[in-house]
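**Student:** Sharing a structure here in structure tokens format.
Protein chains: 2
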Amino acid sequence: MSNPNYTQMWENLNLDLSAHDGLLEVLGKFYGDIYLSQQGRLKGMEYLDFVLSEVHGLRIKELQDAKAQGRKVIGTFCVFVPEELTLAADAVHVGLCAGADAGTEQAEQLVPRNTCALIKSFIGFKMARLCPYTESCDLVVGETTCDGKKKAYEAFSEHVPMHVMEVPHTKSQSARELFKAEVLRYKEQLEKLTGTTITPQRLAEGIRIVNEKRRALQRLSALRASDPAPISGRDALLINQVSFYDDPVRFTQSVNTLCDQMEERIKAGEGITPAGTPRLMLSGCPMAVPNWKLPYIMESSGAVIVGEESCIGTRNTRDLVNESADSMDAMLDAIVDRYMKIDCACFTPNDERTGNVTSMAKELKADGIVHYALMFCQPYAHEAFKIDKASREAGIPMLAIETDYSMEDVEQLKTRVEAFVEMVRS
Amino acid sequence: MSNPNYTQMWENLNLDLSAHDGLLEVLGKFYGDIYLSQQGRLKGMEYLDFVLSEVHGLRIKELQDAKAQGRKVIGTFCVFVPEELTLAADAVHVGLCAGADAGTEQAEQLVPRNTCALIKSFIGFKMARLCPYTESCDLVVGETTCDGKKKAYEAFSEHVPMHVMEVPHTKSQSARELFKAEVLRYKEQLEKLTGTTITPQRLAEGIRIVNEKRRALQRLSALRASDPAPISGRDALLINQVSFYDDPVRFTQSVNTLCDQMEERIKAGEGITPAGTPRLMLSGCPMAVPNWKLPYIMESSGAVIVGEESCIGTRNTRDLVNESADSMDAMLDAIVDRYMKIDCACFTPNDERTGNVTSMAKELKADGIVHYALMFCQPYAHEAFKIDKASREAGIPMLAIETDYSMEDVEQLKTRVEAFVEMVRS
């Protein structure tokens, strides 16, 4: 993935060039092993392969070009930051590097060792100057969804321009009003940063674009209910991951093209694995690029993953913004209503999630659920107990995994996952 | 502390009698070693010794008597639950057992292993039937101050009658409104539970009683600025701990009596340790009864503790409710204003706390700060970095400790604390 054409750009972004080359080399090899080695992939995945190969290259070039035209780049870590508003301000909305161990030692100078890998990663990527997205940002938008991120943003804000949105932790009327005030504050911040006034017309277009993206991902998700599964879980995860980086209109089109191919494949009775392959659903914490460890282990253990119940998955795509509103205030209300439906573990009691997990598992005909929590992620580690209870009651076995980004536990995870696959197969 | 007079009462509360006897025996021995072994204690500490010796006895008897008269008992874990309202509803406001390892194995069936000792403790005490306070409660009031407690209450609510208040994580106007709505909701819940209407007169009296308690503890805190220190840190911590259990009017009187004795001692130039003893301030997580491990280590290492910047310490006593309001709404506003001043690590960015810590250290003439975070307490572990920076800038050295309730790290802690005491002494 290293490319001399981009060296100057990376240098301008003040990346640590030699460490960054090393990162891309590892990432390229990892991608080859986990992705390109798959048999019978859909033709449409070529686009995703290309996007990923250019994730630090062409896409960053596009961001620089946008910046040269006066557009602003907004970096985020969480599905609570309304992309609709970002687009309405003619800014670019991107996720930031957070899926691999990088700069860990430097990160541990800023946050406690007992911090989840995702948080240490985004801080480490910044401190080690390895993420061209972070370096391209005009503003990074955080939120108060968990103690770890909320407090890490305080340290992070000394290194990047930050705006933190308060996400409430219940769904009361007052909590909704707090979130609406925060959505308004984000809108004002965007208008100030970009110099663009967010008109109802612009916002309607932002809502439409993001809804279209979510509809395409919903379509992808629904097609995975077929047996044999038309796409691997790895590829589906990659698509969800790329949805946070790519241009939304181009991305939507490519996902719909891919879905057309999936429909043909389903019609022909074909799949990525034979019919009857044990079907597993992933549930829990988000998996940022290139956090493919557990999906790879699962699909190398004779199973196919049929759904990702996570922020990089259905938690981000399940709900649409109502498009019938036409005044600014009604549109903002529609946005708030949509975001307050998110079944994030930050909410208490968050019973919606247990319902969503079990009904999703049934719709996708999952034989089992693998619950994935990042080590030290308290909200999802707690909810693993509830999901376990709910899935047992629904007759679907669950395996609870807690891990981080290191490769040290791969053999142990393999043993546990293989035993689980054997169990659901029988 | 075991007492046959109370056996029937404990049995009625469905305690595990033999395990509870064992607990009281350990607690009694621990108290003897850490407290009764001290030389030159203030006469007024006899009251505290008595209260602690009867903490599972006479005080529980009082709660049962109150219940027999139709009064309700409200259990809490956090300084965000307004005691003023509880008293105004003629209910009893108490803290619950959370300071010792108990029922850990059972607790880990309900919450993740990587949960702080305090949370595991309150769940373990309940599941092992060892806390007569928890068993006496008509309602337990939780809050959303950290991910660990917020999610643990979901599991806990299956075992005790719970009411959870949302505490916001910023101090914006909307966040204040959310908290006010939650205070109102608590008021309504209390009125429903007790059948008592909270009138302005009742609330004014509740505010006055709690303010008086806080004033007495403020007086105690201020007297500790003297050198030699008039009271040990262990004793002062105990007083703050007992403030969560004892009858507030009786307690306030006893603290004021003790303060009179401290003033005499100061006048006579006497202290609990010689003048010039290294003075340390504790800062961070709350230490619930009988979590005296670290204070004991510190004061056995040649230092005296002169202040506790924690929820069981100045975070709970620093601010008073304005007493000038006379309408219900103005009083509620005064309560909300007071509680929103709390410098809990749940807030972001919580810069107030760094200011409060350094100014408190200066007022108390502390030679050093020991920052105490419970293992897996993310909010305080994160803030340790900020407190360290602020205290270094203020010229006050800081030692960061992360520990739990086990005794396994005692020797290691001793070594670190002794080295720190030597460092601040020189």
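Protein sequences, first through last, are from chains A and B.
My numbering runs 1 ahead of the 1-based position in the first sequence.
My numbering runs 1 ahead of the 1-based position in the second sequence.
We put the beta carbon where it would ideally sit given N, CA and C, even for glycine.
If you're wondering where the values come from, they're calculated on a predicted model, not measured in any experiment.
#1: Could you tell me whether the Cβ of residue 2(A) comes closer than 8 Å to any Cβ of chain B?
#2: What did DSSP end up calling residue 401(B) once you bin it into helix, strand or coil?
#3: What are the boundary residues of the beta strand (DSSP E) that includes residue 154(A)?
#4: From residue 92(A) to residue 117(A), what distance separates their C-alpha atoms?
#5: Is the beta carbon of residue 241(A) less than 8 Å from the beta carbon of residue 313(A)?
#6: Closer than 8 Å is the cut-off here; do at least three beta carbon pairs connect the stretch 237 to 256 of chain B with the stretch 94 to 103 of chain B?
#7: Is there at least one Cβ from chain A nearer than 8 Å to residue 377(B)'s Cβ?
#8: Mind the definition here: the stretch 98 to 115 of chain B touches the stretch 203 to 223 of chain B only if three or more C-beta pairs lie below 8 Å; say whether that holds.
#9: What residue ranges within the stretch 229 to 311 of chain A form continuous alpha helix (DSSP H) runs of no fewer than 4 residues, ordered along the chain?
#10: Measure the C-alpha to C-alpha separation of residue 1(A) and residue 60(A) and round it to an integer number of angstroms.
#11: Between 24(B), 58(B), 213(B), which lies nearest to residue 254(B) when the distance is taken from Cα to Cα?
#12: Leaving out five residues on either side along the sequence, give the residues of the same chain with a beta carbon under 6 Å from the beta carbon of residue 326(B).
#13: How is residue 406(B) classed by DSSP in three states: helix, strand or coil?
#14: Give me the DSSP bridge partner(s) of residue 374(A).
#15: Quick check on the burial criterion: 16 or more other C-beta atoms within 10 angstroms. Buried or exposed for residue 252(A)?
#16: Using DSSP with H/G/I as helix, E/B as strand and the rest coil, what is residue 55(A)?
#17: Assuming residue 332(A) is part of the alpha helix (DSSP H), what are its boundary residues?
#18: Could you work out which residues of chain A lie near residue 357(B), taking near to mean beta carbons separated by less than 7 Å?
#19: Identify whether residue 75(A) lies in helix, strand or coil by the three-state DSSP scheme.
#20: Measuring alpha carbon to alpha carbon, tell me which residue in 14(B), 281(B), 294(B) is nearest residue 424(B).
#21: Since residue 29(B) is in the alpha helix (DSSP H), which residue starts that stretch and which ends it?
#22: If you draw a straight line from the C-alpha of residue 322(B) to the C-alpha of residue 191(B), how long is it?
#23: Rank 54(A), 419(A), 102(A), 100(A) by C-alpha distance to the C-alpha of residue 298(A) and give the top, closest one.
#24: Count the CB pairs spanning the stretch 168 to 175 of chain B and the stretch 347 to 354 of chain B that are closer than 8 Å, and state whether there are at least three.
#25: Roughly how many whole angstroms lie between the Cα atoms of residue 264(A) and residue 98(B)?
#26: Measuring only between beta-carbons, confirm whether residue 409(B) sits less than 8 Å from chain A.
#27: Leaving out five residues before and five after residue 208(B) in sequence, what residues of the same chain have Cβ atoms less than 7 Å from its Cβ?
#28: Quick check: the Cα distance between residue 267(B) and residue 277(B), rounded to an integer number of angstroms?
#29: If you run the structure through DSSP and keep just helix, strand and coil, what is residue 144(B)?
#30: Should residue 387(A) be listed as close to the ligand ATP, given that the test is whether its C-beta is under 7 Å from any heavy atom?
#31: Just to confirm before moving on: does the CB-CB distance between residue 83(A) and residue 165(A) stay below 8 Å?
#32: Measure the Cβ-Cβ separation of residue 400(A) and residue 386(A) and say whether it is below 8 Å.
#33: Which residue from 328(B), 391(B), 103(B), 176(B) puts its Cα closest to that of residue 407(B)?
#34: Given a cut-off of 8 Å on the beta-carbon distance, is the pair residue 374(A) and residue 409(A) in contact?
#35: Do residue 377(B) and residue 100(B) count as a contact pair if the criterion is CB distance below 8 Å?
#36: Determine the DSSP secondary structure at residue 168(A), reduced to helix, strand or coil.
**Tutor:** The structure says:
#1: For residue 2(A), the predicted structure reports a pLDDT of 49, less than 50, and the residue's modelled location is therefore unreliable. A value from the coordinates is still provided. Chain B, which has no Cβ nearer than 8 Å to the Cβ of residue 2(A), makes this no.
#2: Judged by DSSP in its simplified three-state form, residue 401(B) adopts strand.
#3: It is not in any beta strand (DSSP E) - residue 154(A) instead sits in the alpha helix (DSSP H) that spans 148 to 157.
#4: So the two alpha carbons sit approximately 30 Å from each other.
#5: By the CB criterion at 8 Å, residue 241(A) and residue 313(A) fall inside the cutoff.
#6: Taking 8 Å as the limit for Cβ pairs, the verdict is that the stretch 94 to 103 of chain B does touch the stretch 237 to 256 of chain B.
#7: Closer than 8 Å: yes.
#8: Counting C-beta pairs closer than 8 Å gives fewer than three between the stretch 98 to 115 of chain B and the stretch 203 to 223 of chain B, which falls short of the contact rule.
#9: With a minimum length of 4 residues, the continuous alpha helix (DSSP H) runs that stay inside the stretch 229 to 311 of chain A are 234 to 243, 249 to 268, 294 to 300.
#10: The structure shown has nothing for residue 1(A), since chain A only spans 2 to 427.
#11: Closest by alpha carbon: 213(B).
#12: Leaving aside the five residues that flank residue 326(B) on each side, the residues in its chain whose CB is nearer than 6 Å to its CB run, in chain order, 332, 335.
#13: Residue state, collapsed to three classes: coil.
#14: 403(A), per the DSSP bridge assignment.
#15: Its Cβ being crowded by 16 or more others within 10 Å, residue 252(A) is buried.
#16: In the structure shown, residue 55(A) sits in coil (DSSP, three-state: anything other than H, G, I, E or B).
#17: Taken as a continuous stretch (DSSP letters only), the alpha helix (DSSP H) holding residue 332(A) covers 329 to 340.
#18: What residue 357(B) touches in chain A: nothing, since even the nearest Cβ is about 16 Å away.
#19: Three-state DSSP puts residue 75(A) in a strand.
#20: Answer by Cα proximity: 281(B).
#21: That run of the alpha helix (DSSP H) goes 18 to 32.
#22: Put simply, the backbone Cα of residue 322(B) is about 20 Å away from that of residue 191(B).
#23: Per the Cα distances, 419(A).
#24: Three or more Cβ pairs drawn from the stretch 168 to 175 of chain B and the stretch 347 to 354 of chain B lie within less than 8 Å of each other, which places the two stretches in contact.
#25: Pairing residue 264(A) with residue 98(B), the inter-Cα distance amounts to about 59 Å.
#26: Not closer than 8 Å to any Cβ of chain A, the Cβ of residue 409(B) fails to qualify, so no.
#27: Contacts found: 85, 322, 324, 332.
#28: If I take the Cα positions, the gap works out to 14 Å.
#29: Here DSSP, grouped into helix, strand and coil, assigns residue 144(B) to strand.
#30: The model on display carries no ligand, and the ligand ATP is accordingly not part of it.
#31: It is not a contact, given that the beta carbons lie outside the stated cut-off.
#32: No. Outside cutoff.
#33: Of the candidates 328(B), 391(B), 103(B), 176(B), the one whose C-alpha sits nearest the C-alpha of residue 407(B) is 103(B).
#34: No.
#35: With respect to the 8 Å criterion, residue 100(B) and residue 377(B) are not classified as neighbours on the basis of their beta carbons.
#36: Note: residue 168(A) maps to coil in three-state DSSP.
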